[in-house]
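Numbering (this note's numbering), first residue to last: 5 to 267.
Ideal Cβ placement from N, Cα and C applies to all residues, glycine included.
These notes concern the structure reproduced below.
Okay, here's the thing in structure tokens:
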């Protein structure tokens, strides 16, 4: 009996050996990829309103550590902020007290105040330049130019006259054209103004355009197109800057109120 058992064990081992042969069975070893570097996203900037009679705030969040690194006090009713000079400066439009605040996103102080004409009610800040930032003033229907170097108003000191209620700005990366989306009043009377940033003159009206209430404008990265979103018509119009004309329009639905260009 013992001999038969041993023989059976040997036979089973031979069968297993024969079945396995020299077949290679690879072992998969997972390789963990390098995690993304959150520094590539730089910072997140948040502006906060603190009621009509109390100063607002601007908070800088360091995304690499998910921490608030600075919190600056700004003016009344801040509406919009822009990072300029490769993210080294912040400009905040304060609609409640006709000011623009300038500071470093890395430090809460010092904060420089640029005072605009009374009744300006700034609503938007934008630029594609290193020396000048532009402010849309919804209160007096102008666009102001501010020197980034000295933080003072540049000519014309009273602002560049545009349409009723400017609420958005976009400058082409080649710095040859600046556009203002003017919302109008009561859902009518809107327009888009083309400005020459070199001499701050207003270009002729944009051809082939029908506006009701433009609320957003963005420039393409190659400077060959600018897109204007009209909330009233629900159309996005593609503007060709050199010819100063709308070349095509795309329906996105009435009521659309924001547009972002993927750079």
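Going residue by residue through the stretch 171-200, where are the continuous beta strand (DSSP E) segments of at least 3 residues, counting only ones entirely within it?
Complete beta strand (DSSP E) runs here, min 3: 182-186, 195-200.
Between the stretch 185-192 and the stretch 201-209, do three or more beta carbon pairs fall short of 8 Å?
Flag = no, the stretch 185-192 and the stretch 201-209 do not touch.
If you run the structure through DSSP and keep just helix, strand and coil, what is residue 51?
The answer is strand: DSSP assigns residue 51 an E or B state.
Residue 247, buried or exposed, once every other Cβ within 10 Å from all chains shown has been counted against 16:
Here residue 247 is exposed: its Cβ has fewer than 16 other Cβ atoms, across all protein chains shown, within 10 Å.
Which listed residue (66, 79, 68) has its alpha carbon closest to that of residue 57:
Among 66, 79, 68, the Cα nearest to that of residue 57 belongs to 79.
Looking only at C-alpha atoms, which of 124, 262, 46 sits nearest to residue 81?
Considering only 124, 262, 46, the residue with the shortest C-alpha distance to residue 81 is 124.
Runs of 3 residues minimum, wholly inside the stretch 53-113: which ones carry the beta strand (DSSP E) assignment?
Runs of the beta strand (DSSP E) lying entirely within the stretch 53-113, each at least 3 residues long, are 59-66, 71-80, 82-88, 93-98, 103-107 in chain order.
Hey, residue 76 and residue 130 are a contact pair by Cβ (cut 8 Å); roughly how many whole angstroms apart?
A Cβ-Cβ separation of about 20 Å leaves residue 76 out of contact with residue 130 under the 8 Å criterion.
Considering only their Cβ atoms, is the gap separating residue 181 from residue 200 smaller than 9 Å?
Result yes, Cβ atoms of residue 200 and residue 181 sit closer than 9 Å.
Which of the three DSSP states, helix, strand or coil, is assigned to residue 234?
It is a strand residue.
Measuring CA to CA, which of 91, 52, 72 is closest to residue 134?
Out of 91, 52, 72, 91 has the C-alpha closest to the C-alpha of residue 134.
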